[in-house]
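Asker: From first to last, the protein sequence lines stand for chains A and B.
First residue of the first sequence? That's 24 in this note's numbering, and the numbers climb one at a time after it.
First residue of the second sequence? That's 5 in this note's numbering, and the numbers climb one at a time after it.
Here a beta-carbon is modelled for each residue, glycine too, at the ideal position from N, C-alpha and C.
Predicted model only: the values in this text are computed from it and were never measured.
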Amino acid sequence: MHVRLELYASLMKHLPPDAVRHRAEVEVDAGTSPHALLDRCGVPREQAHLVLRNGVFLYPEQRDDTPLEEGDVIAVWPPVAGG
Amino acid sequence: MAWTRKILRVDLSAGTCIPEALNMAWANEYLGQRGLATKYLAEEIDPTCDPLGPENKMIMATGPLTGTMASTGGRYSVITKSPLTGLVACSNSGGFIGAEMKNAGWDMIIFEGKAPEPVYLYVENDKAELRSAADLWGKSVWEADELLHKKHQDAQLRIACIGRSAEAGCLYAAVINDLHRAAGRSGVGTVMASKNLKAVAVRGTLGVGNIDDPKAFMDAVNAGKQVLAENAVTGQGLPTYGTQVLMNVINGMGAMPTRNMREVQFEGAENISGEAMHEPRASDGKPNLTTNAGCFGCTIACGRISTVDKGHFSVKNKPEYWGNSGGLEYEAAWALGSDTGVDDLDALTYVNFLCNEDGIDPISFGATVAAAMELYQAGAITRETTGGIDLSFGGADALVKMAELTATGEGFGKDLGLGSKRLCEKYGMPELSMTVKNQEFPAYDPRGIQGMGLAYATSNRGACHLRGYTVASEVLGIPFKTDPLVTDGKAELVKAFQDATAAVDSSGLCVFTTFAWSMENIAPQVDGACEGDWNVDRMLEVGERIWNLERDFNMRAGMTADQDTLPKRLLKEAANVGPAQGRVNDLDKMLPEYYELRGWTPEGQIKPETLNRLGLG
Chain A
24 MHVRLELYAS
34 LMKHLPPDAV
44 RHRAEVEVDA
54 GTSPHALLDR
64 CGVPREQAHL
74 VLRNGVFLYP
84 EQRDDTPLEE
94 GDVIAVWPPV
104 AGG
Chain B
5 MAWTRKILRV
15 DLSAGTCIPE
25 ALNMAWANEY
35 LGQRGLATKY
45 LAEEIDPTCD
55 PLGPENKMIM
65 ATGPLTGTMA
75 STGGRYSVIT
85 KSPLTGLVAC
95 SNSGGFIGAE
105 MKNAGWDMII
115 FEGKAPEPVY
125 LYVENDKAEL
135 RSAADLWGKS
145 VWEADELLHK
155 KHQDAQLRIA
165 CIGRSAEAGC
175 LYAAVINDLH
185 RAAGRSGVGT
195 VMASKNLKAV
205 AVRGTLGVGN
215 IDDPKAFMDA
225 VNAGKQVLAE
235 NAVTGQGLPT
245 YGTQVLMNVI
255 NGMGAMPTRN
265 MREVQFEGAE
275 NISGEAMHEP
285 RASDGKPNLT
295 TNAGCFGCTI
305 ACGRISTVDK
315 GHFSVKNKPE
325 YWGNSGGLEY
335 EAAWALGSDT
345 GVDDLDALTY
355 VNFLCNEDGI
365 DPISFGATVA
375 AAMELYQAGA
385 ITRETTGGID
395 LSFGGADALV
405 KMAELTATGE
415 GFGKDLGLGS
425 KRLCEKYGMP
435 ELSMTVKNQE
445 FPAYDPRGIQ
455 GMGLAYATSN
465 RGACHLRGYT
475 VASEVLGIPF
485 KTDPLVTDGK
495 AELVKAFQDA
505 TAAVDSSGLC
515 VFTTFAWSME
525 NIAPQVDGAC
535 EGDWNVDRML
545 EVGERIWNLE
555 RDFNMRAGMT
565 ADQDTLPKRL
575 LKEAANVGPA
585 QGRVNDLDKM
595 LPEYYELRGW
605 TPEGQIKPET
615 LNRLGLG
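Here is the structure:
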């Protein structure tokens, strides 16, 4: 199954080598959770503050039991803010 | 105390500078800066006065923590009646001049009347005098700043100044201090120009030693600094990426106002983001961002210092723009970029330089250009109107040209200086103006962040993110996460943010501390510095009092509650993509509850018992 992983700000260092800018196209098994995807890329869970699945925020408790679907975009930020 | 208990009253008509005692009864009710100066303004001017007439006053005000050891304690605000909105204006700025004012011994400076000829105010501790600005008028902020430093032979002189846009009557002109910090919104620079006041130059060497309980104050300050340092946002995120880190976040969640707020995602967002500012350029291998920078006393240092590629069309053969200067913050990058459809990072950075150089609010400017682009697309304005320029969305060269014209008020730049509302009215399509109470929107689409719709609609200075930044909760999870697409609970959230922010804005601290600090961190610092008992409850009550004072001023100025609304586009035209697809802003589901929580009537009038409870009766 094919999903897109986007890592921003200080998390960009965890992107796989074939990533373009912020994003990497990755193959995952059906049923993979967002947390499992982040673990696979070495993104520390405590630094994954904002996790958006197709633009919608996933609460920490949803990140283990929300199976990814074909074409999903998972975008992740560390704690950030602006104004 | 922390207050110096002394204010400077400058009568520009008479040419006098007279010290007077600070009204401590008011200081105890309104704290300082935004609150206290608004109290002075409300007491001293007729709210219906012409904002550009001599009867309006302009106040530069510090808070009790300005100039102290508190982190970010360098803020000051410019308070006046706005020519853009006709309502109370309060524009907050960092840099160094606020702390310098306090070090010179002044809590605030009140300007009244109008000078017969251009002048600047020179303050050196307790010496204050008006001097001729004949040689400064017609100069940019940067030129005037250099001339003043040379004239006084004092590198540490701190200067706040207006640029040529203000002199030309641009209704959203800013007061720029320390070259690239801005009291940016609502046209406070335009008021300064109307008074023939070009600059305020301050040197203070007296120190700020009047702390009520020094040990308690320093304990609270040190504890607060530790919290800022250990917090991932204020300790790492903001210094590294600045506010611009939000570009990809807000775009990703489909709340990025794009092309005059017709759309909610910008395909070029990543090209103008905080991350893009770190990427090496193809030409010289250097990134746009040179370093971060901090204002007086700040231990966050979110400011951006940037360069433009020397080979870029905007600065080719203009070496004066090749050096480091104030770079893009998120709001400027959004307004100049996404809202106009321009994703050229160098062009945006150059235009941002121009906004600093000639004192233009980049939010209102970018949003007004965006409105002009939609007018152009609709055929309401043509190349004949623009002076031959193709004003299609996405044109970096057109954006650059518009900024150059607005900076000096030439050609179509004069029209752009009217702001979005008056521009769209002039060309017969007022519905294209994306404004609340005549002030242009900032960078969060309220269809995708519902609470911000209520915050915009009820903001006392028109559309503004800094009057109640519920983005912190709805998007960033600070202090707790709420769903941006629901309306339940947002009335309470907006009120809480509005009241707390009014108190922070009156303290001398930067509102960005609240990404890490709660009022439990702030109140002990105020309490240590100021006489009396400044606990959390009192701070929040002061905030609520200030909010209602501003509302009362606005109502007396002629504002009506039916102006507590949003442009029809945001209430009727649904978001076209992303999580908010199909949604409009459901303001009508939040506003009645908000009025009730505020203690206002269903018609938006402040109830007499609310006024009495807050001591405003």
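Would Val508/B count as contacting chain A if we go by Cβ distances under 7 Å?
Answerer: For Val508/B, the answer is no, since every Cβ of chain A falls outside 7 Å of its Cβ.
Asker: Using 10 angstroms around the beta-carbon of Leu601/B, count the other beta-carbons present and answer buried if the total reaches 16, otherwise exposed.
Answerer: Under this definition Leu601/B is an exposed residue.
Asker: Can you check which of these residues, Gly330/B, Lys199/B, Lys405/B, Met377/B, is closest to Met438/B by C-alpha distance?
Answerer: It is Met377/B whose Cα lies nearest to the Cα of Met438/B.
Asker: For the pair the region 221-241 of chain B and the region 97-110 of chain B, tell me if three or more CB-CB distances fall below 8 Å.
Answerer: The region 221-241 of chain B is not in contact with the region 97-110 of chain B.
Asker: Please state the DSSP three-state secondary structure of Ser368/B.
Answerer: Ser368/B falls in the helix class under three-state DSSP.
Asker: CB Asp88/A to CB Val26/A, shorter than 7 Å?
Answerer: Not closer than 7 Å, so no.
Asker: Between which two residues does the beta strand (DSSP E) containing Val74/A stretch?
Answerer: Element bounds for Val74/A: 73-76.
Asker: Since Tyr124/B and Lys202/B should fall inside the 8 Å C-beta cutoff, what is the C-beta to C-beta distance between them, to a whole number of angstroms?
Answerer: The Cβ separation is near 5 Å, so the contact holds.
Asker: From Asp625/B to Leu81/A, what does the alpha carbon distance come to, in whole angstroms?
Answerer: Nothing in the structure corresponds to residue 625/B, since chain B is present only between 5 and 621.
Asker: Using CA coordinates, which residue listed in Thr66/B, Trp7/B, Gly466/B, Val530/B is at the minimum distance from Ala29/B?
Answerer: Comparing Cα positions, the closest option is Trp7/B.
Asker: Could you give the uninterrupted runs of the alpha helix (DSSP H) lying entirely in the region 51-105 of chain A, keeping only those of 4 residues or more?
Answerer: The region 51-105 of chain A contains these whole alpha helix (DSSP H) runs: 57-64.
Asker: Whole angstroms are fine: how far does the CA of Leu75/A sit from the CA of Glu414/B?
Answerer: Distance between the alpha carbons of Glu414/B and Leu75/A: 45 Å.
Asker: Are there 16 or more other CB atoms within 10 angstroms of the CB of Val405/B, so buried, or fewer, so exposed?
Answerer: It is Lys, not Val, that sits at residue 405/B in the sequence shown. By the 10 Å Cβ count, Lys405/B comes out buried.
Asker: Nearest by alpha-carbon distance to Val66/A: which of Thr55/A, Val99/A, Arg44/A, Val49/A is it?
Answerer: Answer by Cα proximity: Val99/A.
Asker: Whole angstroms is fine: what's the gap from Pro87/B's alpha carbon to Lys36/A's?
Answerer: Going by the C-alpha atoms only, they are around 48 Å apart.
Asker: Give a yes or no on whether the C-beta atoms belonging to Val212/B and Lys106/B are separated by under 7 Å.
Answerer: Yes, these two residues count as a Cβ contact at 7 Å.
Asker: In chain order, what residues of the region 253-279 of chain B put their CB closer than 8 Å to some CB of chain A?
Answerer: If the cut-off is 8 Å between Cβ atoms, the region 253-279 of chain B has Val253, Gly256, Met257, Gly258, Glu274, Gly278, Glu279 near chain A.
Asker: What residue range is occupied by the uninterrupted alpha helix (DSSP H) comprising Phe221/B?
Answerer: Residues 218-234.
Asker: Closer than 7 Å by beta-carbon distance: list the chain B residues that pair up with Ala98/A, in chain order.
Answerer: Going along chain B in sequence order, the residues near Ala98/A (Cβ under 7 Å) are Gly256.
Asker: From the DSSP output, in three-state form, read off His25/A for me.
Answerer: If DSSP states are grouped into helix, strand and coil, His25/A belongs with the strands.
Asker: Closer than 7 Å by C-beta to Ala337/B: which residues in its own chain qualify, once you throw out the five before and the five after it? Chain order, please.
Answerer: Excluding sequence neighbours, Ala337/B sits near Gln248, Met251, Ile276, Leu352.
Asker: Should Leu91/A be flagged as near chain B, meaning a C-beta pair shorter than 7 Å?
Answerer: With 7 Å as the cut-off, Leu91/A does not count as an interface residue toward chain B.
Asker: May I ask which residues mark the beginning and end of the beta strand (DSSP E) holding Ile114/B?
Answerer: It spans 112-116 - the beta strand (DSSP E) in which Ile114/B sits, taken as one unbroken run.
Asker: Taking Asn62/B as part of the beta strand (DSSP E), name the residues at either end of that continuous run.
Answerer: Contrary to the premise, residue 62/B reads as Met rather than Asn in this sequence. Here the beta strand (DSSP E) through Met62/B covers 62-66.
Asker: Thr84/B and Val192/B: beta carbons closer than 7 Å?
Answerer: Yes, Cβ-Cβ distance for Thr84/B and Val192/B is below 7 Å.
Asker: Cβ of Thr410/B within 7 Å of Cβ of Gly421/B?
Answerer: For Thr410/B and Gly421/B, yes; Cβs fall inside 7 Å.
Asker: So, helix, strand or coil for Arg46/A, using DSSP?
Answerer: Of the three classes helix, strand and coil, the one that applies to Arg46/A here is strand, per DSSP.
Asker: Report the CB separation of Ala104/A from Leu91/B in whole angstroms; it is logged as a contact under 8 Å.
Answerer: No, Ala104/A and Leu91/B are not in contact; Cβ-Cβ is about 28 Å, not under 8 Å.
Asker: Would you check if the distance between the CB atom of Asn292/B and the CB atom of Ser310/B is smaller than 7 Å?
Answerer: Result yes, Cβ atoms of Asn292/B and Ser310/B sit closer than 7 Å.
Asker: Does the distance from the C-beta atom of Phe501/B to that of Gly472/B stay below 7 Å?
Answerer: Closer than 7 Å, so yes.
Asker: Using only CA atoms, which one of Arg38/B, Asn27/B, Pro120/B lies nearest to Thr20/B?
Answerer: Considering only alpha carbons, the answer is Pro120/B.
Asker: List the residues that DSSP assigns as beta-bridge partners of Tyr124/B.
Answerer: BP columns for Tyr124/B point to Arg135/B, Ala203/B.
Asker: Between which two residues does the alpha helix (DSSP H) containing Ile550/B stretch?
Answerer: Run containing Ile550/B: 540-560, per the alpha helix (DSSP H) assignment.
Asker: Around the C-beta of Lys572/B, are 16 or more other C-beta atoms found within 10 angstroms, so that it is buried, or is it exposed?
Answerer: Counting Cβ neighbours within 10 Å, Lys572/B comes out exposed, since fewer than 16 surround it.
Asker: Taking any Cβ of chain A, which residues in the region 466-497 of chain B have a Cβ under 9 Å from it, in chain order?
Answerer: Per Cβ criterion, the list reads His469, Leu470, Tyr473, Val475, Ala476, Val479, Leu480, Gly481, Ile482, Lys485, Asp487, Pro488, Leu489.
Asker: With a threshold of 16 other CB atoms inside 10 Å of the CB of Ser17/B, please say whether the residue is buried or exposed.
Answerer: Answer is exposed; the Cβ neighbour count stays below 16.
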